[in-house]
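First comes the structure, then the notes that go with it.
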Amino acid sequence: MALILTQEHIERMQAHAAQAYPHEGCGLLVGTFAPETEEKSLVKLVLLENAWAADVAAALAERGQPQAAAMTKARRYWIDPQELLATQRQAREDGLSIIGVYHSHPNAEAVPSECDRELAWSTYSYIIVSIRNGIAVDLQNWQLDNNHQFQPEPMKIAPASAARDRMPLLSS
Ligand SMILES: [Zn+2]
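Numbered according to numbering that gives the first Met the number 0, the sequence shown spans residues 0 to 171.
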């Protein structure tokens, strides 16, 4: 598979990650799947607050992730389930679907962590922005293989005008 996105999408994720620093930033990738070419196209970037909090950590610790209890927003992100539902609903209305997740790694590589792997969905693209001292230094895209291991997923940069042509259903 490959993920098609624009330079503007990349810059917006980098800016969002810088704003969230030293915490992890996160967001949802909304777009389309093309089964015939196995390509995903990013149409809309939904940038979110990192909702990681003590109660989320406690719930995950209870569900068999004891290391979660000690983690903070600097090392983990959480997407509020209400935001996820709202994004899903809006995407459906627009004839789109959630195709992936973006998050940042403050002062760490743009490589998925074990926690990222455990929580990942098989068809999604996972974009990770590495941010050091508040500056985005790397951006990588990952997808799970059949063994639930992350592999790099190629990104194709589309001209901004081409991306607009792909969203006739969107009014904005
Ligand atoms: Zn991560």
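The beta-carbon is built from N, C-alpha and C at its ideal position, and this holds for glycine as well.
query	result
Can you tell me which of Thr5, Gln18, Glu7, Met12 puts its alpha carbon nearest to the alpha carbon of Val100?	Met12
Per DSSP, Thr5 forms a beta bridge with which residues?	Ala157
Counting C-beta neighbours from all protein chains within 10 Å, is the total for Trp120 16 or more, i.e. buried, or is it exposed?	exposed
Between the C-alpha atoms of Ala135 and Ile126, what's the straight-line distance to the nearest angstrom?	13 Å
Below 7 Å, is the gap between the Cβ of Asp54 and the nearest heavy atom of ligand 1?	no
Applying the criterion that 16 or more other CB atoms from any shown protein chain within 10 Å of the CB defines a buried residue, is Asn132 buried or exposed?	exposed
Just confirm the distance between the C-beta atoms of Gly30 and Leu41, as a whole number of angstroms; I'd bet it's less than 8 Å.	5 Å
When you measure from the CB of Ile127 to every non-hydrogen atom of ligand 1, does any distance come out below 7 Å?	yes
What do you reckon, is the C-beta of Gln111 under 7 Å from a heavy atom of ligand 1?	The sequence as given places Pro at residue 111; Gln does not occur at that position. Checking the Cβ of Pro111 against ligand 1 gives yes.
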